[in-house]
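The sequence shown begins at 46 in this note's numbering and counts up one residue at a time.
Here's the structure, in structure tokens; my notes come after.
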Amino acid sequence: MLSKTNSLVKEVNSDAEAHVHFPHRGMMLPMLSTVVSAQDESHISVAGSGAFAIDENYDGDLDLVRVIASIGTNAPTAMVAVEVIADNGDMAISFWNNTTLESGESLIINTTIKAWADGEYQITLRVWDTESGLLTHDEDLGIHELMASLSPPYLSMELEAEEPIFTGDTCLIHRVSTDLVGAHYDVMGTVSIQGVPWLVGSMKHRWTAVAGLRATTPSPNTIAMVWG
Numbered sequence: 046m047l048s049k050t051n052s053l054v055k056e057v058n059s060d061a062e063a064h065v066h067f068p069h070r071g072m073m074l075p076m077l078s079t080v081v082s083a084q085d086e087s088h089i090s091v092a093g094s095g096a097f098a099i100d101e102n103y104d105g106d107l108d109l110v111r112v113i114a115s116i117g118t119n120a121p122t123a124m125v126a127v128e129v130i131a132d133n134g135d136m137a138i139s140f141w142n143n144t145t146l147e148s149g150e151s152l153i154i155n156t157t158i159k160a161w162a163d164g165e166y167q168i169t170l171r172v173w174d175t176e177s178g179l180l181t182h183d184e185d186l187g188i189h190e191l192m193a194s195l196s197p198p199y200l201s202m203e204l205e206a207e208e209p210i211f212t213g214d215t216c217l218i219h220r221v222s223t224d225l226v227g228a229h230y231d232v233m234g235t236v237s238i239q240g241v242p243w244l245v246g247s248m249k250h251r252w253t254a255v256a257g258l259r260a261t262t263p264s265p266n267t268i269a270m271v272w273g
């Protein structure tokens, strides 16, 4: 339930409610601006909005964008859905806020977007009238060049076995994986292992180990294989 900070203002921070989509340095501090939507002469209006690039850890690199917007209505009540989209070309994340406004109230959106990779981020603000399903406001909040604030996903595989290893030998493969981006945006990735291991080398008596491959998982990050 959204909380009222006073009788006329509602404030929301949308960091936790994000949806991820996969489609295909200088400080940027725009002034708050008023934009009239051409889509619909709606009773829902955006009084002001802006996107601000910020250096969160004071290391000299811009690493997050904060989007602020004020939304109101002149109707007795209005059901509003606000979408903030961050798109870096490889991945797009939508942040949603849904609420019901009464006449004279303002919904204050305060969305923080941490960069998940180095590069340019296109920021878009959209406002929907959920009763009619109409898009009443679609605003380009600019392109911001950011450095990654979150460490990218990491995966490593480490073989524990005697040297050399031959068909029939037992080995352990330790998998180490982290996904801080998925943890932050509540969209965890998956790790899949495909293919069959085989032996390589110049010795003539080595051959591919494809017959009778068996695998067990003694722990979430360890895979035990017996080749034979």
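We put the CB at the ideal spot given by N, CA and C, even for glycine.
Predicted, not measured: the structure shown is a model, and the values here were computed from it.
Inter-residue CB distance, G95 and I113 (contact presumed, cutoff 8 Å): For the purposes of this step, residue 95 is taken as residue 50 along the sequence shown, with counting starting at 1. For the purposes of this step, residue 113 is taken as residue 68 along the sequence shown, with counting starting at 1. G95 to I113, Cβ: 6 Å. Contact.
Taking three-plus beta-carbon pairs below 8 Å as touching, is the segment 99 to 108 in contact with the segment 130 to 145?
-> no
Check your understanding: By the 10 Å Cβ neighbour count, where 16 or more other Cβ atoms means buried, how is Y230 classified, buried or exposed?
Key -> Numbered from 1 along the sequence shown, position 185 holds the residue referred to as residue 230. Buried, because 16 or more other Cβ atoms sit within 10 Å of the Cβ of Y230.
Proximity below 8 Å, CB of V172 to CB of S201
Counting from one through the sequence shown, the residue named residue 172 turns up at place 127. Counting from one through the sequence shown, the residue named residue 201 turns up at place 156. Not closer than 8 Å, so no.
What does DSSP give as the partner residue(s) for E143 in the beta ladder?
Along the sequence shown, one-based indexing puts residue 143 at 98. Note on identity: in this sequence residue 143 is Asn, with Glu being the wrong assignment. Its beta-bridge partners are A126.
Point to revise | Minimum length 4: unbroken alpha helix (DSSP H) runs contained in the segment 186 to 243 | key: 225 to 230
Subject >> Cβ neighbour criterion (16 or more within 10 Å) applied to D135 >> reply: Indexing the sequence shown from 1 puts residue 135 at position 90. Label assigned to D135: exposed.
TODO: To the nearest angstrom, report how far apart T224 and D185 are at their CA atoms.
DONE: Here residue 224 refers to the residue found at position 179 when the sequence shown is read from its first residue. Here residue 185 refers to the residue found at position 140 when the sequence shown is read from its first residue. Correcting the residue identity first, residue 224 is Asp in this sequence and not Thr. Each residue's Cα considered, the two are about 30 Å apart.
With DSSP collapsed to three states, give me the class of H182. The count along the sequence shown starts at 1 and reaches residue 182 at position 137. Strand, per DSSP.
* CA-CA distance, A131 and I218? -> The residue labelled residue 131 in the question sits at position 86 within the sequence shown. The residue labelled residue 218 in the question sits at position 173 within the sequence shown. Near 37 Å, if we compare the C-alpha coordinates of I218 and A131.
| request: With a cut-off of 8 Å on the beta carbons, I'd call I158 and V110 a contact; round off their distance for me. | output: Counted from its first residue, the sequence shown places residue 158 at position 113. Counted from its first residue, the sequence shown places residue 110 at position 65. Confirmed, Cβ separation roughly 5 Å.
**Cβ-Cβ distance between A120 and T175 below 8 Å** = Your numbering for residue 120 matches position 75 in the sequence shown. Your numbering for residue 175 matches position 130 in the sequence shown. The answer is no: Cβ separation not under 8 Å.
- prompt: In terms of residue numbering, what span does the beta strand (DSSP E) encompassing E165 cover?
  reply: Counting from 1 along the sequence shown, the entry for residue 165 is found at position 120. Residues 164 to 174.
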